[in-house]
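Quick mapping for you: the protein sequence lines, in order, are chains A and B. Counted from 1, the first sequence has number 194 at position 212 by my numbering; the numbering is strictly sequential. Counted from 1, the second sequence has number 169 at position 162 by my numbering; the numbering is strictly sequential. Beta carbons: idealized from backbone N, C-alpha and C, even for Gly. Quick notes on the structure that follows.
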Amino acid sequence: MRIFVAIACLALTAVATAAQPELRLVEKDKSPVAIEVAGLPAELTAQLATLKVDDDAWRRILSVRVGKSPAPDQPAMSGNYELRDSALRFTPQFPLRAGLAYRAEVFLPAPSREAAPSHYDRVFELPAPARGEPARVTTVYPSAATLPENQLRFYLHFATPMARGEAYEHLVLLKADGRPVLRPFLEIGQELWDTSGTRLTLLIDPGRIKRGLSPREEHGPVLEAGGKYTLVITKGWCDAAGQTLTDDYRKTFTAGPPVETAIDHKAWKIAPPASGSKDPLVVTFPQPLDRALLEHTITVVGPDGKPIAGEVTVGKDERTWKFSADQAWIAGQHELVIDTTLEDLAGNRINRPFEVDEFKEIDKSSLPEYVRLPFPIRPAR
Amino acid sequence: MSRLFSLVSVAAVLVASFAAAADIKGLTESGKPDLKSAGPLAFGPKGVLFVGDTQGAAIFAIGVGEAPKAALGEGFKAEGIDTKVASLLGTTAADIAINDVAIEPGTGIAYLSVSRGKGPGAEPAICRVDGAGQVTSLPLDKVAFAKVALTNAPTAGQADKKGRNLRSEAITDLAFVDGKLYIAGLSNEEFASKLRAIPFPFTAADTGASVEIIHTSHRAALETRSPVRTFVPFIVGGEPQLLAAYTCTPLVSFPVSSLKAGEKVRGKTIAELGNRNQPIDMIVYEKGGKQYLLLANTARGVMKISTDTIDKQPALTEPVTDKAGLTYETIADLKEVQQLDKLNDKQAVLLVKGTNGLDLKAVALP
C-alpha cells in the first residue's frame, strides 16, 4: 500500500526551469492514481488551502485532459482536488486508462500586474496493458446438427469477456446459397450478456417465429424446415481488453420441423444409479432442451426431502442430463424437482407450449413453479 | 486572495452540493451506492433519479441534488457528446456507451447513463448536460440514495461448474407512475416477461409484483409470453394504462390496475407497427389538442402515432400484412435516433448518430 511518486521515465513537455512547478504522476501499488503539481508559490498554496473541495478554482490552476494534444473545447477530467504536503493533487473520478496519454496543464496567476500568468504542461503516456488470452469463440449452443424451424435462441460462449455494443455487427445467418437472412435476430441495445461477459444470448426475432404477426406474414420465418443454414460470428469483434476475434466462427445446421408442443417431462427416461455407488444419475430427453436452463432448473431430492449436492453435466445435443452426487447414493425414493421455467429449443415449457392455441382445451390455471418426477434407488443386493 | 480570484474570476460551482438530497423521502442511505452498471433512467419524485443496474440486478434511486440553471431549450445541440462525456471520464469515445437519456422534469437538464469501458467490468457513470452544452459528472461517492434488489434474480445455487452465474436479466425500461416504479426486464435465458411494479419509497418487505404479460396473436388465437421492450404511462378513457412495445412488433395497452403479483395480463394489441420494428424508446405528448406517441426504432426511424381513437380501438384480432390499428407516420428527418425523451410541451431531446459521433439535440415535437 506504499504510495510513492514516480517522476522518471515520463516525457516532460514544458521547458524546465529552476523555478517552475513540477508535474508528476502519483502511483499506488504500481498503478497511476493521481496527478499532482509541486513547487507552487507559497502564497498560492495558502490561498488554495482556503477553498472548498468543489470550488472551480482548483481546476483553473490544474486541469487534466485525455490525449497528447486535446482540443481546446475538450472537457477536463472530472475528479477531486486537494493539497497534500503543499502539492496540488488531482485524483480523477475514474482510474487513468492504461495505453492512453493525458495532458496536465498548470496555470499560475501572474506575480504582478505587469507580469503574464505562467503556463506549464506535461504529457503522461501510460503503457498499454499486457496482452492476455486472445479472444475466441469457445462453443455455440444448441449443439445439435438439426434445429427446429422455430428455434428461439443461441448461446455464444467466448474465451474472454467481450466488448458490448457491437454484437449484431458480427452476427450473420447465411442460407445454403450463401445469401444472408434479412434481420433474423432480435437486436437489443443492452445485448443479453451474462455478468461475466463471456456468454451472449442471441434470440431469433420472435416476430418471425410467432404466427399471425406481420413480420412473419411479410417475410416468412427465419428458418424453414429442410433448409441448411450457417450462423457466422465474424472476425474483428473486440473483447473487453481490445483484442479481436481473428477468425470467423461458423455453425452449420439444418432446420427441421417445428416443435410446437409442451415439454413432456413424463416421457423422460431416468436411469437410477446403484445405491452405495457414486455413479451418475442419467436422465434422457426425447427432444433437446435449452442448454443454459438445464444447468440449474433440475434438482435431485433425496428420501429425506432435502436437495442432494452434486455436479450437473449436460450431454450430447442437450438430450441427456447427468448428475454426479457428491456423496454415494442411498436407497430410497428420490425425486427430480423440475423448475417449470425450463424450456426446449423453441421456448416450449412443461405443460405449456410457446404458442398456446386458445381454442384447444388447455388448463389455463397458473402453472406450478415446479413439477416432480419420483424415482427409486433400490437397495444393493 | 484577490490575485488568485482575479485569475479564476468568480468561483463557479461545477459540482453541486448533494447534501439537500438526503432530505428527500425514500432516500434512506447516503454515501456511495454500489452501482455495478447504469442503464435505463427514469425520474421519480422531485430530485430522484431511478437507475436500472442490470449488472448488479438492482434499481437505485439517487438524489441528484441541485441542477445547473441553464435548461436545454429550442435549438439546443451538443455535437460529439460522446467525445465530451468520454473526455470528462478520462477516456475515449470508443471506450464508452451512452445507455439512456432522461430529462429532469422542472429543470430541463439532460441526464445520461454511461458505461466507461466495454466489458463486464465497465464503470457506471451518470453525467448531466446543461443548456450551454456543459457536461458534468455526478460524483457518485457522496449521494443520498436507496436500493432495491430485483426479485427472481439469480441465486448463488445457480452458478455453473466454474462458479460463474450466467443467468441475468437485462432491464429494458423504467417508468414512475403514481408512486410506483414499473420495470421491464428481459431474461438472458427463459423467454419470460417480467414486468414489476415496486412502490417508492422502497420497503424491504415489498420488492415488487412480477406479472406475466401475454400477447394474443392475430390468427388462430395463439397466445404467447411476450417480453416488454419499452413502455410509457398513458391515460386511456380516464384509466391509467401502460402502452408497451413488445419484443415482437405489436403495440399493446394494459391497465395499470391489472398489474398484480402472479396475475397473467393480456395486453390489448392496438397497433401493428410492421416489419423491422424494434422499438427503443417512447414518449407521449400533446399537440393541437390531440395526444400522440413518438416511438424511436432501431430500423424504421421515429414514428408518430395518433392516439385519437385509442380508447375506442378494438383489439386487433385479424391477420395483418403490415401496419394496423392506430395510424402512424414515419418522421423522415429524424434518423439514427438512439435515445429519446420529452423536454417540454413543444420539444423532445434526441441522442442521434451524427457525423462526428453522437449528438444530443432538441427538436420540435412533430
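7 Å is my cut-off, CB to CB: does A:Pro350 come that close to chain B? no
Measure the C-alpha to C-alpha separation of A:Pro254 and A:Gln133 and round it to an integer number of angstroms. 31 Å
Using the beta-carbon count (16 or more within 10 Å), is A:Ser45 buried or exposed? buried
Segments assigned beta strand (DSSP E), at least 3 residues, entirely inside the segment 115 to 189 of chain A: 119 to 123, 128 to 130, 135 to 140, 153 to 156, 181 to 185
Buried versus exposed, by CB contacts within 10 Å (16 or more), B:Pro127: buried
C-alpha gap between B:Lys91 and A:Arg47, whole angstroms: 11 Å
Ignoring anything shorter than 3 residues, give me the beta strand (DSSP E) runs that lie fully in the segment 44 to 92 of chain B, in order along the chain. 48 to 50, 55 to 60, 65 to 70
Which runs of the beta strand (DSSP E) fall wholly inside the segment 253 to 308 of chain A and span at least 3 residues, in chain order? 263 to 266, 280 to 283, 292 to 296, 302 to 307
With a threshold of 7 Å between beta-carbons, can B:Arg123 be considered close to chain A, or not? yes
I believe A:Leu275 touches B:Glu197 by the beta-carbon criterion, under 8 Å. Please report the beta-carbon distance rounded to the nearest angstrom. 6 Å
Touching by the beta-carbon criterion (3+ pairs, under 8 Å), the segment 223 to 236 of chain A and the segment 314 to 322 of chain A: no
Any 3 or more C-beta pairs closer than 8 Å across the segment 164 to 171 of chain A and the segment 48 to 58 of chain B: no
When you compare only the Cα positions, how much space is there between A:Phe89 and A:Ala98? 11 Å
How far does the alpha helix (DSSP H) with B:Glu336 in it reach, from first residue to last? That residue, B:Glu336, is in no alpha helix (DSSP H); its beta strand (DSSP E) goes 335 to 338.
Can you find the residues in the same chain that come closer than 7 Å, C-beta to C-beta, to B:Ile312, ignoring five residues on each side of it along the sequence? Ala278, Tyr299, Leu300, Leu302, Leu333, Tyr335
Should the segment 67 to 83 of chain B be called in touch with the segment 346 to 357 of chain B, which here means at least 3 C-beta pairs below 8 Å? yes
With a threshold of 16 other CB atoms inside 10 Å of the CB of B:Val403, please say whether the residue is buried or exposed. Residue 403 of chain B is absent from the structure shown; chain B starts at 8 and stops at 373.
Between A:Glu325 and chain B, is there a C-beta pair that is closer than 7 Å? yes
Hey, is the segment 120 to 137 of chain A in contact with the segment 129 to 138 of chain B, meaning 3+ C-beta pairs nearer than 8 Å? no
Run through DSSP, which three-state label would B:Ala100 get? helix
What residues from chain B crowd round A:Ala222, counting only those whose CB sits closer than 9 Å? Gly124, Lys125, Gly126, Pro127, Gly128, Ala129
Assigned secondary structure, A:Ala222 (DSSP; H/G/I helix, E/B strand, else coil): coil
Hey, could you find the ends of the alpha helix (DSSP H) A:Ala80 is sitting in? Where A:Ala80 is concerned, there is no enclosing alpha helix (DSSP H), given that its DSSP letter is neither H nor E.
Which class does B:Pro373 belong to by DSSP, given the choice of helix, strand or coil? coil
Between the CA atoms of B:Pro286 and A:Val49 - distance to the nearest angstrom: The sequence shown places Gly at residue 49 of chain A, not Val. Each residue's Cα considered, the two are about 37 Å apart.
Residues of the segment 108 to 124 of chain A with a CB closer than 9 Å to any CB of chain B: list them in chain order, please. none
Neighbour-count burial assignment, B:Val142, 16 or more Cβ in a 10 Å radius: buried
Segment limits, beta strand (DSSP E) that includes B:Leu357: 354 to 361
Just to confirm, are A:Leu155 and A:Leu213 a CB contact at a threshold of 7 Å? yes
So what does B:Ala182 bridge to, in DSSP terms? B:Tyr189
Cut-off 8 Å between Cβ atoms - residues of its own chain near B:Pro40, not counting five sequence neighbours on either side: Phe67, Ile69, Leu147, Val150, Phe152, Lys154
Collapsed DSSP secondary structure at B:Glu197 in the structure displayed: coil
Inter-residue spacing [alpha-carbon to alpha-carbon] between A:Arg354 and A:Trp250: 12 Å
Whole-angstrom Cβ separation of B:Gln107 and B:Gln346, contact assumed at under 8 Å? The sequence given here places Asp at residue 107 of chain B; Gln does not occur at that position. B:Asp107 to B:Gln346, Cβ: 6 Å. Contact.
By how many angstroms is the C-alpha of A:Leu263 removed from the C-alpha of A:Pro361? 15 Å
Keeping to the same chain, check which residues put their C-beta closer than 6 Å to that of A:Val400; ignore five residues upstream and five downstream. Because chain A is modelled from -17 through 363, residue 400 of chain A falls outside the range shown and cannot be assessed.
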